[in-house]
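Numbering (the working numbering), first residue to last: 11 to 377. Each residue gets a CB set at the ideal place from its N, CA and C atoms; glycine is no exception. Note that this is a predicted model, so its numbers are computed, not measured.
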Ligand SMILES: Cc1ncc(COP(=O)(O)O)c(C=O)c1O
């Protein structure tokens, strides 16, 4: 979270804008909260250049919830054959693997391409994807948070001869780069990386996809219903939307998504350069698939091989030294091991510089 946003939240806690209430005390239908959600939506539309033929929905259930909500919304009978719907998924890491798994409850899932752990280190060339004949949608995770693998460009399904909408899990890099909406049917993201606190899920969905739900889709998760009620079919996560709105304003104040992207390039290049220049650290991801947001790396052992064992004393010493310097949360995800620096939008350049200095200092202690 940007520090300036947290400070603003603290100031507003008991009394938002002089109205005598904190945001948690407001009615979601009152004029105060209505102004908050409307501004959040219009700022986000401006920041991400979301076209008018997309709805912006603030939902709940997280990105994993969307793994069920999406097939329930897009696999319905509208104008389609009555056979079991097919969904195509490209698996490039743990999150898209989970999406494929969940979609199986609602559809036949065709894995159009996959990388396999521990080799989630690249994105299979779209020209080789085995897309099915008539999928209801094609799912990708555009930034695999755990393995640090990022699509640098969204695939052009039409150019691949596929008319299905592209569904993108952009949870961990939303608002760090522009989105080419001409290639996309639906983008979703849990808010908790680049947009605000956990509890809000952003869904940007093309209008023609609003009304293709399966009959079993719960009303509170039915995109058409949520859109018709301007994200207030049920009580929305008001506090989270308010904080996200402050983050959107903060991004605007920094110069918008283009400024976030420039900063992300600068920060990630600095960190990858330090890793690549060292004899101790290694990042295994193909150079053109490296994430600007999540930078996993391994320390090497005396034999020059990556230390996969999280309990190895060298890993423990690295993390302890980092903690002493206020460099927190560097332990890699349990499914990947090693270390991971998540350098989201709110991480200042100085934070990455401090990490690079520490990487070099720690390496020197070993010679
Ligand atoms: C890319 C991606 N997808 C899905 C998820 C799961 O999100 P949630 O915990 O909001 O369900 C995460 C969480 O880290 C993620 O990074």
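Helix, strand or coil: how does DSSP classify residue 341 here?
As a first step, residue 341 is located in the chain shown; it is residue number 331 there, counting from the start. Note: residue 341 maps to strand in three-state DSSP.
Heavy atom of ligand 1 within 8 Å of residue 107 beta-carbon:
Reading the chain shown from its first residue, position 97 is the one you call residue 107. For residue 107, the distance from the CB to the nearest heavy atom of ligand 1 is not below 8 Å.
My assumption, with CB atoms under 8 Å, is that residue 269 sits in contact with residue 59. Please give the rounded CB distance.
Looking up residue 269 in the chain shown gives position 259. Looking up residue 59 in the chain shown gives position 49. Contact between residue 269 and residue 59 does not hold, since their C-beta atoms are separated by about 14 Å, which reaches or exceeds 8 Å.
Is it buried or exposed for residue 384, if we count other Cβ within 10 angstroms and need 16 for buried?
With the chain running from 11 to 377 in the structure shown, residue 384 is simply not present.
Kindly indicate which three-state DSSP category residue 299 falls into: helix, strand or coil?
Taking the first residue of the chain shown as 1, we reach residue 299 at position 289. Helix, per DSSP.
Cβ of residue 73 within 8 Å of any heavy atom in ligand 1?
Taking the chain shown and counting its residues from 1, one reaches residue 73 at position 63. Yes, Cβ of residue 73 sits closer than 8 Å to a heavy atom of ligand 1.
Which same chain residues end up closer than 8 Å to residue 247 when comparing Cβ atoms and leaving out the 5 residues on each side of it in sequence?
Reading the chain shown from its first residue, position 237 is the one you call residue 247. The residues are 68, 70, 209, 210.
Helix, strand or coil for residue 82 per DSSP?
As a working mapping, residue 82 is identified with position 72 in the chain shown. In this structure, DSSP gives residue 82 a helical state, which the three-state scheme calls helix.
Given this structure, state the Cα-to-Cα distance separating residue 221 from residue 84, to the nearest angstrom.
Your numbering for residue 221 matches position 211 in the chain shown. Your numbering for residue 84 matches position 74 in the chain shown. Computed Cα separation, rounded: 8 Å.
What's the gap between the Cα of residue 261 and the Cα of residue 216?
Here residue 261 refers to the residue found at position 251 when the chain shown is read from its first residue. Here residue 216 refers to the residue found at position 206 when the chain shown is read from its first residue. Answer to the nearest angstrom: the Cα atoms are 24 Å apart.
Residue 114 (DSSP reduced to helix, strand or coil):
For the purposes of this step, residue 114 is taken as the residue at position 104 of the chain shown. In this structure, residue 114 counts as coil in the three-state DSSP scheme.
Going by the C-beta, is residue 182 closer than 8 Å to any heavy atom of ligand 1?
As a first step, residue 182 is located in the chain shown; it is residue number 172 there, counting from the start. Yes, the beta carbon of residue 182 sits closer than 8 Å to at least one heavy atom of ligand 1.
Residues near residue 122 by beta carbon distance below 6 Å, same chain, minus five either side
As a working note, residue 122 is residue 112 in the chain shown. In the same chain as residue 122, and ignoring 5 residues on each side of it, the C-beta atoms closer than 6 Å to its own belong to 98, 100, 139, 140, 141, in chain order.
Note down, in chain order, each residue of its chain lying with its Cβ closer than 8 Å to the Cβ of residue 32, except the 5 sequence neighbours on either side.
The residue given as residue 32 occupies position 22 in the chain shown. Counting only Cβ-Cβ distances below 8 Å, and skipping sequence neighbours, we find 22, 23, 24, 25, 26.
Would a C-beta distance cut-off of 9 Å place residue 195 and residue 175 closer than the cut-off?
Stepping through the chain shown from its first residue, residue 195 is reached at position 185. Stepping through the chain shown from its first residue, residue 175 is reached at position 165. Yes, they are a contact pair.
Is any heavy atom of ligand 1 found at a distance shorter than 8 Å from the C-beta of residue 154?
Stepping through the chain shown from its first residue, residue 154 is reached at position 144. Indeed, a heavy atom of ligand 1 lies less than 8 Å from the Cβ.
Among 154, 201, 162, which has the Cα closest to the Cα of residue 135?
Numbered from 1 along the chain shown, position 125 holds the residue referred to as residue 135. For the options 154, 201, 162, the alpha carbon positioned closest to that of residue 135 is the one of 162.
Using beta-carbon positions only, say whether residue 341 and residue 302 come within less than 9 Å of one another.
Here the question's residue 341 lines up with position 331 in the chain shown. Here the question's residue 302 lines up with position 292 in the chain shown. No, Cβ-Cβ distance for residue 341 and residue 302 is not below 9 Å.
Between the segment 313-328 and the segment 234-243, do at least 3 Cβ pairs fall closer than 8 Å?
The segment 313-328 makes no contact with the segment 234-243: fewer than 3 CB pairs, one atom from each, lie closer than 8 Å.
CB residue 132 to CB residue 299, shorter than 9 Å?
The residue you call residue 132 lines up with position 122 of the chain shown. The residue you call residue 299 lines up with position 289 of the chain shown. Contact: yes.
Closest by CA to residue 291, which one among 267, 266, 348, 279?
In the chain shown, counting from the first residue as 1, residue 291 sits at position 281. Measuring from the Cα of residue 291, the nearest candidate turns out to be 348.
Looking at residue 299 and ligand 1, is the gap between the Cβ and the nearest heavy atom below 8 Å?
Looking up residue 299 in the chain shown gives position 289. It does not: the Cβ of residue 299 is nowhere closer than 8 Å to a heavy atom of ligand 1.
Could you check whether the Cβ of residue 111 sits closer than 8 Å to any heavy atom belonging to ligand 1?
Against the chain shown, residue 111 aligns to sequence position 101. No.
What residue does the alpha helix (DSSP H) around residue 247 start on, and which one ends it?
Working through the chain shown from its first residue, we reach residue 247 at position 237. Here residue 247 belongs to no alpha helix (DSSP H), and DSSP marks it neither H nor E.
I need the straight-line Cα distance from residue 19 to residue 105, nearest angstrom please.
One-based indexing of the chain shown puts residue 19 at position 9. One-based indexing of the chain shown puts residue 105 at position 95. In a straight line, the C-alpha of residue 19 is about 31 Å away from that of residue 105.
Do residue 144 and residue 181 come within 9 Å of each other at the CB atom, strictly closer than that value?
The residue labelled residue 181 in the question sits at position 171 within the chain shown. The residue labelled residue 144 in the question sits at position 134 within the chain shown. Using a Cβ distance threshold of 9 Å, residue 181 and residue 144 do not count as a contacting pair.
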